[in-house]
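Peer 1: Under this note's numbering, the first residue of the sequence shown is numbered 520, with each subsequent residue one higher.
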Amino acid sequence: MDVYAIVECKQAHCGNTTAILLGVLQGIKGDLVGSSKDDSFVDFVCPQCGFGSRRPIPSFRQEEPLTPPPNPIRYPRDLFHESLKCEKVGCTAHARVHTPGETSTSGTTPKIAASKWHGMTGITCSQGHPLKLHPEVL
Ligand SMILES: [Zn+2]
Ligand SMILES: [Zn+2]
C-alpha cells in the first residue's frame, strides 16, 4: 500500500490538503547547513491559496488510503520547485520551495502563480536567513 503524508494548509479559511507520497516527500525535504538529520522539514506553498510555510516533516499526518486521494503527488515531477534567492547582502544561498505543478511534465508551471505566493512563514535560505518574500514587492 502507498503511504501518503497529508499536508494541510495552515492558512485560515483555506484548509486545503495535499497528499504527497512519502517517498516523494523524502526527496524534497530541506536541510540547513550544519543541522542534524532529525529536524527535516519541507518548504511548501499551498496550491490553493499560495500560502508558503516551513513545515516539520514529523508533523504531517500519514495515511494509507484504500483508494488514491484526489490530486495526489505521486511522482517528483508532479511538483514545481522554485529557488528563491536570499536577500541578505553577501549571502549567495537559496531557499527551495515546492508546490504542486499544473502538469506532470518537466518545465511545468506552479498550480498557483508565484506572484500570488505569500506568507513564507519560517522559510529561510540554506544558511538560515529568513526569506522576505511578499507578493506586493514582486
Ligand atoms: Zn492554502
Ligand atoms: Zn541567506
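Using N, Cα and C, we set each Cβ at its ideal position, and we do this for glycine too.
Bear in mind that the values here come from a model prediction, so they are computed numbers and not experimental data.
For Asp-521, does the three-state DSSP call read helix, strand or coil?
Peer 2: In this structure, DSSP gives Asp-521 a state outside helix and strand, which the three-state scheme calls coil.
Peer 1: Are there any heavy atoms of ligand 1 lying less than 8 angstroms away from the beta-carbon of Phe-599, as far as the coordinates show?
Peer 2: no
Peer 1: Could you tell me the alpha carbon to alpha carbon distance between Asp-521 and Gly-647, rounded to whole angstroms?
Peer 2: In this structure, the alpha-carbon of Asp-521 lies about 33 angstroms from that of Gly-647.
Peer 1: Which two residues bound the contiguous alpha helix (DSSP H) that contains Gly-638?
Peer 2: Taken as a continuous stretch (DSSP letters only), Gly-638 belongs to no alpha helix (DSSP H), being part of the beta strand (DSSP E) at 637-640.
Peer 1: In whole angstroms, what separates the C-alpha of Cys-533 from that of Gly-569?
Peer 2: If you draw a straight line from the Cα of Cys-533 to the Cα of Gly-569, it comes to about 10 angstroms.
Peer 1: Evaluate Lys-630 with the Cβ neighbour count: other Cβ atoms within 10 Å of its Cβ, from every protein chain shown; 16 or more gives buried, anything less gives exposed.
Peer 2: Buried, since its Cβ has 16 or more Cβ neighbours within 10 Å.
Peer 1: Less than 8 angstroms between C-beta atoms, sequence neighbours within five positions excluded: which residues of the same chain meet that for Glu-655?
Peer 2: With a pLDDT of 39 at Glu-655, under the threshold of 50, the predicted position of this residue should be treated as unreliable, though the coordinate-derived value follows. There are no such residues.
Peer 1: State yes or no: is the C-beta of Glu-582 within less than 9 angstroms of the C-beta of Ile-525?
Peer 2: yes
Peer 1: Are there 16 or more other CB atoms within 10 angstroms of the CB of Ser-572, so buried, or fewer, so exposed?
Peer 2: buried
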